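Notes follow once the structure below has been shown.
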Amino acid sequence: MSSIVTVRVLFFASAREAAGGIASASIEVKNLEDANTKALRTTLAQLYPKLASLVLDEENITLALNEEYVPVGEVWKLKEGDTVALIPPISGG
Amino acid sequence: MMGLPWRAGPFCVASALLLLPNAASLSRTSVVVVGGGGASRPATTTGVAAPRYPEIGLRRTGRRRGRRRRSAPSPRAATAAADDDDHDDRDHDQYDDGVELTNAEISRYSRHLVLGDVGVAGQRALKKSSVLVIGAGGLGSSCLLYLAAAGVGHIGIVDADSVDESNLQRQIIHGTSTIGTSKCESARRRMIDVNPHVDVRVYEEEFTSETAMRILGDGFSASTPRYDVVVDGSDNFPTKYLINDACDILGLPWVYSAVLAFEGQVSTFNHDGGPNYRDLLPAPPPPGDVPSCAEGGVLGVLPGTMGCLQATEVIKIVLGMGGGLLSGRCLTYDATTMKFGEIGIARSPNRKRAVELIDYQGFCAGPKVAQQRGTANAAAARVEDGADDAPAGGRTMDEVPSSDEGLLVGSDDFNSIGPTDCLDKLAGGWSPWVLDVRMRSENDIVALPFTDAVVPHREVRRDHIPKDGEVLIYCKGGVRGKKACSRLVGLGVDPRRLYNLEGGILRWQKEIDPQMPRY
Chain A
1 MSSIVTVRVL FFASAREAAG GIASASIEVK NLEDANTKAL RTTLAQLYPK LASLVLDEEN
61 ITLALNEEYV PVGEVWKLKE GDTVALIPPI SGG
Chain B
1 MMGLPWRAGP FCVASALLLL PNAASLSRTS VVVVGGGGAS RPATTTGVAA PRYPEIGLRR
61 TGRRRGRRRR SAPSPRAATA AADDDDHDDR DHDQYDDGVE LTNAEISRYS RHLVLGDVGV
121 AGQRALKKSS VLVIGAGGLG SSCLLYLAAA GVGHIGIVDA DSVDESNLQR QIIHGTSTIG
181 TSKCESARRR MIDVNPHVDV RVYEEEFTSE TAMRILGDGF SASTPRYDVV VDGSDNFPTK
241 YLINDACDIL GLPWVYSAVL AFEGQVSTFN HDGGPNYRDL LPAPPPPGDV PSCAEGGVLG
301 VLPGTMGCLQ ATEVIKIVLG MGGGLLSGRC LTYDATTMKF GEIGIARSPN RKRAVELIDY
361 QGFCAGPKVA QQRGTANAAA ARVEDGADDA PAGGRTMDEV PSSDEGLLVG SDDFNSIGPT
421 DCLDKLAGGW SPWVLDVRMR SENDIVALPF TDAVVPHREV RRDHIPKDGE VLIYCKGGVR
481 GKKACSRLVG LGVDPRRLYN LEGGILRWQK EIDPQMPRY
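Heads up: the protein sequence lines correspond to chains A and B, in order. When the first sequence is numbered by the UniProt record's numbering, its final residue is 93 and no position is left out of the sequence of numbers. When the second sequence is numbered by the UniProt record's numbering, its final residue is 519 and no position is left out of the sequence of numbers.
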């Protein structure tokens, strides 16, 4: 069985730039098993080609699901109405 | 001054001490509450000998440093002051730490002293505390000013740079009059002007794996053998990881921040065993993928805002207001939408405590470079990397396009040409196709007049340049140009066709056309 959920994605910093300057978008995530953060990364890479190299690399874009940081190496399940923030690391001072 | 109505509470302390020239001799601490009923109790003194006030109860109210002060005095505290029997030797011991507020300090900090969660005890804690701020740049500027103003007694500043004109758009602790002065000295002068009661110690050197432990352990007294809190005012990943690991080893809390363009992040790490930077970002992003403020730009007020938030966290840590800290939370600020958000950070169960400092430049340069570099001196490497884009008169980290660029492993079989040779060659009939690999916004500031196209170095593709003929590539300082050449070679372009302008447009300005603006 496959699942489809719609989540709200917030783009920050270089992720926003790569997504064409949008701050947020509703994204439909389909996956054969569960809709999860890994499937979301793949979906975003397909929707925004310029974002692909960033979003597919966990070290380049941090995900926060409903304001909780998703640790590197973990895949979290998504449910309808979730908010996922794409937060690229920054270092300026 | 006689016959002023005396009221209970901190104002009363200030008034009392201001009235009494020898108040400090009343006790070894200057903290007293004179209260009881609020009746008018005129002080009868001529101010010659140490006055005695047998009818007024004196009671120390200072609390142990780091304890949260209750927001309102208990009924007992309010009434007991008039009770002479309330003196207690244990109280004396508790506050016998040699930290006293002078009359001048009491006047200066009156808005803090009346504030329930600060009060006299909190202000003394601030005076006793020591805070190390790493970097006197955009974040450090506002943070240092507020820490000094707040009365943090001992403040250390680490910065090896000197003030550059391009810093002043955001680094408000410095000024036009201190251009060329070391940032440490420039900051110290301004802080002492804001508050001459604070002790400012400067470290005009790089914060590296070699210097970190000595600087952090540079205590102010036997009771403060090392700094209490550390503030991250750095502008690069290697320093952030270094601060993280050093504080992890020493068990020190530190306040992180990072900014870029219109966005900032701030969090408090390693507070009471809370999460740290490695829980937010276990591994650094690939080198060169994250633009620096020099490359991506930054709204001047943004680091100021974040530095103020850092100062707020520091003050709360010192006051022991641990419950409301950004520990386990990263606050994000987006100045374009004027929205604050936060991400919860959990401590990773797999993370081990740091035991030793490593080569952080190598760590952040990626596995390939780390292998090549071995354990080369980090500071030397950083200076070397920055040399290309550094303005004359000193290496300025935030003028470097990206701290990691130049460390990238790529083909370097392409040609390099300095501005003078380039001009000679052009005068001799050379007509390469010219590509500017800076951001378009930089091209708007100043460009070589014979530029054919502008494509940011990260986006350069083979089809951006003609199929045949020689190509001259330039950027601001020569580093991004090098990277663009490597990239094109990697994409199959014949390296013999490519020429990188050494030193970029900055060196062109210096050697060929002094009329061009520098940025």
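All C-beta atoms in this analysis are idealised placements derived from N, C-alpha and C, irrespective of residue type, glycine included. Source: prediction; values computed, not measured.
Item: Within chain B, partners of F11 of chain A - CB distance below 7 Å; Value: Simply none; closest approach about 10 Å.
Item: Segments of 3+ residues assigned as beta strand (DSSP E) that fall wholly inside the segment 235-314 of chain B; Value: 254-260, 263-269
Item: Cross-strand partners of G92 of chain A (DSSP beta bridge); Value: B:V259
Item: Rounded separation between A39 of chain A and V84 of chain A - CA only; Value: 12 Å
Item: Close Cβ partners of P432 of chain B (< 8 Å) along its chain, the five nearest in sequence each way excluded; Value: G469, E470, V471, L472, Y499
Item: Residues sharing a beta bridge with K77 of chain A, DSSP; Value: A:N36
Item: W433 of chain B, enclosing beta strand (DSSP E) - first and last residue; Value: 433-436
Item: Close beta carbons around G138 of chain B, own chain, < 6 Å, minus the five adjacent residues each side; Value: R170, Q171, P303
Item: is_contact[L331 of chain B, chain A] using C-beta, thresh 7 Å; Value: no
Item: Counted within 10 angstroms of its Cβ, other Cβ atoms place F11 of chain A as buried (16 or more) or exposed; Value: buried
Item: Where K240 of chain B meets chain A, residues with beta-carbon distance less than 7 Å; Value: S91
Item: The segment 301-321 of chain B touching the segment 149-162 of chain B, judged by at least three CB pairs closer than 8 Å; Value: yes
Item: Span of the beta strand (DSSP E) around A85 of chain A; Value: 83-87
Item: Listed by chain order, chain A residues near T337 of chain B by CB distance under 7 Å; Value: A23
Item: Start-to-end residues for the beta strand (DSSP E) that takes in R8 of chain A; Value: 3-11
Item: Check whether S267 of chain B and L326 of chain B have beta carbons under 7 Å apart; Value: yes
Item: Whole-angstrom C-beta distance between G477 of chain B and L506 of chain B, which should lie under 8 Å; Value: 5 Å
Item: Extent of the continuous alpha helix (DSSP H) run through S53 of chain A; Value: 52-55
Item: Backbone CA spacing between E58 of chain A and G503 of chain B [nearest angstrom]; Value: 34 Å
Item: Where K240 of chain B falls, given that 16 or more other Cβ within 10 Å makes a residue buried; Value: buried
Item: Under 7 Å by beta carbon: chain A residues contacting C293 of chain B; Value: G92
Item: 7 Å Cβ cutoff, G219 of chain B in contact with chain A; Value: no
Item: Segment contact, 8 Å Cβ cut-off, at least three pairs: the segment 333-345 of chain B with the segment 252-265 of chain B; Value: yes
Item: Any chain B beta carbon closer than 7 Å to Y69 of chain A; Value: yes
Item: Neighbour-count burial assignment, L491 of chain B, 16 or more Cβ in a 10 Å radius; Value: exposed
Item: Distance between S209 of chain B and N244 of chain B (C-alpha atoms, nearest Å); Value: 12 Å
Item: Test: A39 of chain A CB closer than 7 Å to a CB of chain B; Value: no
Item: Collapsed DSSP secondary structure at S441 of chain B in the structure displayed; Value: helix
Item: Three-state secondary structure assigned by DSSP to S129 of chain B; Value: coil
Item: Same chain only: Cβ atoms within 6 Å of F237 of chain B, ignoring 5 sequence neighbours per side; Value: P284, C364
Item: Exposure of R16 of chain A, with buried meaning 16 or more beta-carbon neighbours within 10 Å; Value: buried
Item: Start-to-end residues for the beta strand (DSSP E) that takes in H154 of chain B; Value: 154-158
Item: Per DSSP, cross-strand counterpart(s) of D232 of chain B; Value: B:I134
Item: Start-to-end residues for the beta strand (DSSP E) that takes in L472 of chain B; Value: 471-474
Item: Distance CB(D159 of chain B)-CB(A125 of chain B) smaller than 7 Å; Value: no
Item: Contact list for the segment 122-152 of chain B against chain A, Cβ threshold 8 Å; Value: G135, G137, G138, L139, G140
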